[in-house]
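Peer 1: Residue numbers for the sequence shown follow full-length UniProt numbering, beginning at 1 and rising by one.
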Amino acid sequence: MKWNKEKLGSYTPGEIETSWYDHWEKAGYFHQEPEAGKEAFSIVMPPPNVTGQLHMGHALDNTLQDILIRFKRMQGYNTNWIPGTDHAGIATQVKVEEELAKEGKTRYDIGRDAFLERVWDWKNKYGERIEKQIRRLGSSCDWSRKRFTMDEQCARAVREVFVSLYEKGLIYQGTRITNWCPQCHTALSDIEVDHVDEQGHLWYIKYPLVGEDAYITVATTRPETLMGDTAVAVHPEDEKLRQFIGKKVRIPLVNREVEVIGDTYVEREFGTGAVKITPAHDPNDFEMGVRHNLPSIMVMNLDGTMNSEAGSAYEGMTREACRKAVVADLQKLGLLDHQEDLSHAVGHCSRCHTTIEPFATKQWFVSMKPLTTAALEAVSAGKTSFIPERFVKTYNHWLEDVHDWCISRQLWWGHQIPAWYCEDCGKTSVAREDITHCMHCQSTNIQRDPDVLDTWFSSALWPFSTQGWPDKTADIEQFFPTSVLVTGYDIIFFWVARMMFMTCEFMKDIPFEHVFIHGLVRDSQGRKMSKSLGNGVDPLGVCEEYGADALRFTLVTGNTPGNDMRFYMERVEANRNFANKIWNAAKFVMMNVEDYDPAYVPQRDALTLADRWIMTTFHERVVQVTADLDRFELGAAADKVYDFIWNYFCDWYIELAKPRLYTSDDAVDRRTVQYVLVYVLTHTLELLHPFMPFVTEHIWQHVPHEGESIMLAPWPTAQAEWLFTEDAKQMQVLMEAVKGIRNLRAESHVPMGKKAPVIFVPANETAATLLQQHEQYFRILAFADKVTILSPQADKPTNAVVAVAPGMEMYVQVKDLIDVDKEMARVLKEQGKVQKEIERLEHKLNNAGFLAKAPADVVDKEKEKLGSYQDKLEMLTHRLAELKQL
């Protein structure tokens with residue numbers, strides 16, 4: 001048995017948290033080697049951007065993972081939590097280009113090799129920042145296994161996957177519509193596009209019918225792309241417009257004749273029901289162009305300016321300037337019917353905020369349909385489960401309706417595509433190792449593709465690339481598939497689905513058994529935290545002011561899987577107070593166990609009713625908390641630990657223990673209460689440890705314990721010899737009685753320091769015996785200076801307020817402790833206020849006009865208020881009657 005007998009001072013989280021983390025890491029507690037035959041529990045950390053800054057989303061995600069890994073480590077699993085960072089292609093490149101711009105240079109000025117050196121320097125300078133911030137939260141991941149999406153191991157895995165898919169015909173080059181940033185000069189993934197509602201217009205343009213003195217009016221938000229139109233489309237079932245299918249119209253300003261086509265994709269309710277088709281500048285138009293074999297005319301340059309295909313009048317203009325010029329020219333020609341104001345979502349680059357342009361460009365793609373079958377079956381067969389299950393729909397919907405994935409990016413920072421183009425034979429060579437000769441004609445006149453892979457390509461391999469694949473490593477043997485992925489619902493289709501289909505393809509297995517989905521951390525008003533709103537909260541600042549334990553507990557309590565949560569600083573402060581409550585409880589125990597006998601274990605007869613109750617309640621709580629953690633109900637588990645510590649151990653048991661420690665001359669009783677205090681405190685700290693690792697470790701080291709560290713201590717389990725269910729029920733009856741007396745005193749406004757006589761009238765002999773044996777509990781907990789127990793046949797006390805508990809009535813004689821006249825006046829005044837509110841609400845709810853106009857939820861709230869006031873009036877009336885009898 002060990003314990004640090006040095007006294008605990010004041011609770012200062014900043015002083016203990018960093019020192020304990022350093023101790024854990026240096027001691028190697030986060031690392032475990034693979035142990036064959038031992039049940040494994042493994043997690044791969046969703047990799048934050050290497051140059052990122054910790055935000056509340058990271059804090060929540062890492063807290064949830066750390067709770068699970070600490071819980072399983074204490075349960076004796078062979079654990080492995082792999083941390084890592086993502087190279088964040090465009091985000092990191094933008095940072096370095098901004099630095100170059102301060103020197104008046106671009107990446108093209110210094111060349112690719114020099115630029116990449118600058119990026120690596122940037123990564124090495126700032127890359128460890130977020131790792132240090134994750135450490136500050138207490139994340140017990142194995143830093144000896146940390147990975148980076150562009151380290152040598154991950155790069156090898158990326159190359160193997162790309163080449164293998166290419167060899168299977170599942171990676172190909174093609175020209176398709178992609179999100180294009182004219183500022184960053186690269187294609188973007190959907191997650192790199194922010195859709196912002198903007199005020200715009202819907203222009204109605206007349207397209208003359210060829211050979212007829214008539215026209216079709218087309219509605220569009222993009223008149224600047226009109227020069228690239230290659231068709232006009234209507235719905236084939238549109239009774240007003242289907243007659244035009246097969247006819248030709250002349251595109252205004254360029255006078256190109258195109259056909260009117262029928263396609264069911266057209267929304268008949270949009271505009272006039274006729275739409276312009278510009279395959280090179282709209283993803284839906286592109287698909288329609290493929291179906292109808294339409295030509296694709298690109299009228300813009302990659303920087304967003306108009307090219308020669310737009311016509312000499314517009315060439316060189318920006319998109320915005322061209323739009324104004326086209327509208328003006330249409331007006332002059334009498335071809336602009338009218339325009340309407342319109343609010344619509346417009347895509348912007350998430351990095352530079354430039355408006356995205358859908359461009360048909362030549363890119364590399366992954367053919368998705370052949371890869372999705374196994375990923376869908378893995379979930380439908382129950383091999384991988386989602387928590388909550390409702391997110392399976394999101395996952396299935398994306399995979400069932402998936403389009404081929406554009407994986408090439410026109411960047412320099414990232415995994416360069418391993419493809420070489422021969423300038424002699426014109427063929428493409430794709431290889432696992434860099435080549436110097438064309439693999440088809442052996443020419444040395446080859447050029448490597450300058451593009452890099454989408455960041456999501458490398459992170460899609462994360463569950464197995466981090467563990468040494470394509471080699472068959474000991475880590476893969478033991479820790480793969482991983483046990484759980486903890487992530488937000490906003491990247492189910494961007495990342496979770498990609499890991500599923502890549503792992504099913506290359507490992508022939510699932511990447512993780514469970515996908516534990518959490519929501520977003522919102523501000524106290526329910527808004528998403530963002531730079532633009534300025535409502536973000538810095539987790540590190542919270543850690544410095546209140547401690548990481550308080551932040552972690554705030555993020556997990558009240559949190560349910562899959563749901564967003566609101567962040568209140570008041571709750572952080574309350575949870576710091578909770579940590580302080582535990583600290584003070586531990587100080588009380590430590591002050592009273594200097595003569596603690598580690599060899600002493602009490603027999604049942606030595607235990608008081610309170611001892612048996614707290615031991616039973618603790619072991620029941622162990623079962624409940626363990627079950628919650630196994631179900632990923634981490635918030636519910638944390639709430640139960642909090643409730644036990646505050647509302648049972650501190651508020652009840654410690655108060656009952658004090659007289660036994662301070663005034664009792666019974667040596668056996670003293671040793672018994674010491675045993676129970678140490679037992680419950682020590683094991684409760686272990687139960688709390690996954691949630692609040694620092695304060696629990698520090699206190700645990702200062703009370704009698706076994707082992708080196710609380711994080712290596714066995715997880716508490718229910719012990720049958722400490723379950724006294726019937727005794728616990730008796731204690732609950734006494735506690736209900738105490739609560740009833742406390743409520744009577746509070747309602748009567750009896751000052752805290754004044755004790756009052758209490759009279760019990762038990763309903764039967766069992767209740768009478770219970771009260772007689774434990775009347776001292778009421779002196780300690782209910783401020784009773786005298787306890788009287790009457791028989792059921794005795795006359796009921798007068799001049800007293802009364803309450804009822806199971807099997808008994810309690811009478812508190814408060815007449816001599818309060819000013820009855822003053823209390824009656826207060827109750828009468830309160831009664832009058834409540835009556836006025838009832839009359840006001842009844843008048844409102846009897847008003848037919850209010851009921852007709854007000855929303856149903858508003859009416860329901862008013863009815864709820866009325867019911868609450870009516871209940872309060874009834875309580876005040878009863879109170880007044882009691883006072884009149886005093």
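Glycine residues also receive a C-beta, built at the ideal position from the N, C-alpha and C atoms.
Under 6 Å Cβ to Cβ from A636, same chain only, skipping five residues before and after it: list those, please.
Peer 2: D628
Peer 1: Rounded to whole angstroms, what's the CA-CA distance from S10 to A550? Just pull it up for me.
Peer 2: 16 Å
Peer 1: Drop a sphere of 10 angstroms on the beta-carbon of S524, count the other beta-carbons inside from all chains shown, and report buried for 16 or more, exposed for fewer.
Peer 2: exposed
Peer 1: Would you call the segment 218-225 in contact with the segment 270-288, where contact means no fewer than 3 C-beta pairs closer than 8 Å?
Peer 2: yes
Peer 1: Report the rounded CA-to-CA distance for E167 versus I417, giving the unit in angstroms.
Peer 2: 14 Å
Peer 1: Whole angstroms are fine: how far does the CA of E842 sit from the CA of A854?
Peer 2: 15 Å
Peer 1: Helix, strand or coil: which one does DSSP assign to K427?
Peer 2: coil
Peer 1: Out of F148, S139 and K102, state which residue places its alpha-carbon closest to the alpha-carbon of K123.
Peer 2: F148
Peer 1: Tell me the DSSP secondary structure of S343 in three-state form.
Peer 2: strand
Peer 1: Report the CB separation of P358 from D282 in whole angstroms; it is logged as a contact under 8 Å.
Peer 2: Going by Cβ atoms, the distance from P358 to D282 rounds to 6 Å, so yes, they are a contact pair.
Peer 1: Please look up how many angstroms separate the CB atoms of P463 and V44, rounded, as I've assumed it's under 8 Å.
Peer 2: 5 Å
Peer 1: Would you please state the rounded distance, in angstroms, between the beta carbons of I699 and V812? I believe it to be under 8 Å.
Peer 2: Contact flag wrong, Cβ pair sits at about 38 Å.
Peer 1: Just verifying my parser: in three-state terms, what is the DSSP assignment at Y546?
Peer 2: helix
Peer 1: Would a C-beta distance cut-off of 8 Å place L634 and I67 closer than the cut-off?
Peer 2: yes
Peer 1: Does DSSP put D785 in a helix, in a strand, or in coil?
Peer 2: strand
Peer 1: Looking at C-alpha atoms only, which residue of A460, D471 and G246 is the closest neighbour of I492?
Peer 2: A460
Peer 1: Using beta-carbon positions only, say whether T372 and F501 come within less than 8 Å of one another.
Peer 2: yes
Peer 1: Restricting to runs no shorter than 4 residues, where is the alpha helix (DSSP H) found entirely within the segment 282-327?
Peer 2: Complete alpha helix (DSSP H) runs here, min 4: 283-292.
Peer 1: Which residue or residues does DSSP assign as beta-bridge partners of T63?
Peer 2: Per DSSP, none; premise fails for T63.
Peer 1: Sorted by chain position, which residues of the same chain lie with C-beta nearer than 7 Å to A768's C-beta, five sequence neighbours on each side aside?
Peer 2: P762 and I789
Peer 1: Below 7 Å, is the gap between the Cβ of P182 and the nearest heavy atom of the ligand ADP?
Peer 2: Only the bare structure without any ligand can be found here, which leaves the ligand ADP out of the picture.
Peer 1: Report, in whole angstroms, the separation of the C-beta atoms of Y724 and M615, which I expect to be a contact under 8 Å.
Peer 2: Rather than Tyr, the amino acid found at residue 724 in this sequence is Phe. The Cβ separation is near 7 Å, so the contact holds.
Peer 1: Please go through the same chain and pick out, in chain order, the residues whose beta-carbon is closer than 8 Å to the beta-carbon of D142, but skip the five residues on each side of it.
Peer 2: F30, H31, Q32, N80, W81, I82 and P83
Peer 1: For a quick check, are the C-beta atoms of H705 and T682 less than 8 Å apart?
Peer 2: Yes.
Peer 1: In chain order, what are the residue ranges of uninterrupted beta strand (DSSP E) at least 3 long that sit wholly in the segment 414-500?
Peer 2: Complete beta strand (DSSP E) runs here, min 3: 419-422, 428-430, 446-448 and 482-488.
Peer 1: Between Y568 and R527, what straight-line distance do the alpha-carbon atoms span, to the nearest angstrom?
Peer 2: Roughly 12 Å separates the two Cα atoms.
Peer 1: Enumerate, from N- to C-terminal direction, the unbroken alpha helix (DSSP H) stretches of 4 or more residues contained entirely within the segment 122-198.
Peer 2: 129-136 and 152-167
Peer 1: Just checking my contact of L411 with V452 at CB under 8 Å: how many whole Å lie between their CB atoms?
Peer 2: 5 Å
Peer 1: Hey, how far is the Cα of V801 from the Cα of A782?
Peer 2: The alpha-carbon of V801 is positioned some 15 Å away from that of A782.
Peer 1: Could you tell me the boundaries of the alpha helix (DSSP H) in which M692 lies?
Peer 2: Premise fails: M692 is in no alpha helix (DSSP H) and is neither H nor E.
Peer 1: Where do the ends of the alpha helix (DSSP H) carrying I654 lie?
Peer 2: I654 to Y662
Peer 1: If we count the other Cβ atoms within 10 Å of its Cβ and call it buried at 16 or more, is H749 buried or exposed?
Peer 2: exposed
Peer 1: Cβ of I90 within 8 Å of Cβ of C154?
Peer 2: Not a contact, by the Cβ cut-off of 8 Å.
Peer 1: Are M56 and V758 touching if we call contact CB-CB under 8 Å?
Peer 2: no
Peer 1: Bridge partners of P757, per DSSP?
Peer 2: Bridge partners of P757: K786.
Peer 1: Could you compute how far the alpha carbon of W469 sits from the alpha carbon of A157?
Peer 2: 6 Å
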